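In this note's numbering, the protein residues as written are 14 to 259.
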């Protein structure tokens, strides 16, 4: 499986750390230069960011979404069936290469899914993808973050279409589900963690904390909009889902 690592050019320390991990685990990888949101010009904003989104997305969120979109473009252009996307602050479990191999045998290019290689707060225990006795993915009710996930070609196509120009954050998994039925599954254990798990050094998180109530309200209004999928989920599908803590 192709492995992409997103890294800002100036974050040499993070780049070196994730490279050491991959080499130790014998995981082949490619470093991809991240888009730095602060460096986006007015012309860039006009070309790549939805006009309304400029009022509620931070520069860091814009750059992050564009970085992930660039990898979806690679997956599509190179006709990759799926790929593992890592952010440079990821911490890899010793079993990472083994689980990657299991995933390759279990999923298809046309599955409209993303597999988060870590736990999430709530899951649907009756919607699962079993890799082995030790590793099981469950469809997540609370998917978030993007520090380590596998995405299929179909899901990449869907997300790229949906988020071009950028309208939402790269980890807006619930939005992607309710808008285009992209289902995010999370693992039953934390195979990939983040060095910045508490967001103490996250530039994006600091920017989010500075957002005004008006900005937050405008962003939340997107999630409140109804869609055919959301209505179907609330009226029909939800009755058959067994939600439990992850």
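For every residue, glycine included, the Cβ atom is placed at its ideal position computed from N, Cα and C. Note that the coordinates shown come from a computational prediction; the quantities given were computed from them, not determined experimentally.
- Per DSSP, the unbroken beta strand (DSSP E) holding residue 15 starts and ends at 15-20.
- According to the DSSP secondary-structure assignment, residue 182 is paired through a beta bridge with no residue.
- Between residue 189 and residue 242, the C-beta gap is not smaller than 8 angstroms, which leaves the two residues out of contact.
- Taking the Cα of residue 21 as reference, the smallest distance to any Cα among 31, 14 and 15 is reached at 31.
- C-alpha of residue 51 to C-alpha of residue 16: approximately 26 angstroms in a straight line.
- In the three-state DSSP reduction, residue 138 falls in the strand class (E or B).
- Runs of the alpha helix (DSSP H) lying entirely within the region 16-57 and spanning at least 4 residues, in chain order: 25-37.
- Between residue 205 and residue 104 a beta carbon distance of about 7 angstroms is seen, short of the 8 angstroms cut, so the two are scored as contacting.
- Excluding five sequence positions before and after residue 143, the CB atoms of its chain that fall closer than 7 angstroms to its own CB belong to 149, given in chain order.
- The criterion of a C-beta distance shorter than 8 angstroms is not satisfied by residue 186 and residue 168.
- The straight-line gap separating the alpha-carbon atoms of residue 256 and residue 136 is approximately 6 angstroms.
- In the three-state DSSP reduction, residue 112 falls in the helix class (H, G or I).
- With a cutoff of 8 angstroms on beta-carbon distance, residue 72 and residue 84 are scored as not near each other.
- The residues 77, 78, 81 and 159, in chain order, have a CB closer than 6 angstroms to that of residue 183 in the same chain once the five nearest residues on each side in sequence are set aside.
- The C-alpha of residue 163 lies about 28 angstroms from the C-alpha of residue 60.
- The shortest C-alpha to C-alpha distance from residue 201 to any of 239, 171 and 151 is the one to 151.
- Here DSSP, grouped into helix, strand and coil, assigns residue 195 to coil.
- Across the set 147, 220 and 88, the C-alpha of 88 shows the shortest separation from the C-alpha of residue 173.
- Excluding five sequence positions before and after residue 122, the CB atoms of its chain that fall closer than 7 angstroms to its own CB belong to 94, 95, 165, 166 and 167, given in chain order.
- Judged by their CB atoms, residue 69 and residue 228 are nearer to each other than the 8 angstroms cut-off.
- By the beta-carbon neighbour count (other beta carbons within 10 angstroms, threshold 16), residue 131 is buried.
- By the CB criterion at 8 angstroms, residue 129 and residue 199 fall inside the cutoff.
- Closest in alpha carbon position to residue 49, among 217, 208 and 26, is 217.
- Judged by DSSP secondary structure, residue 80 falls within the alpha helix (DSSP H) whose first and last residues are 72-90.
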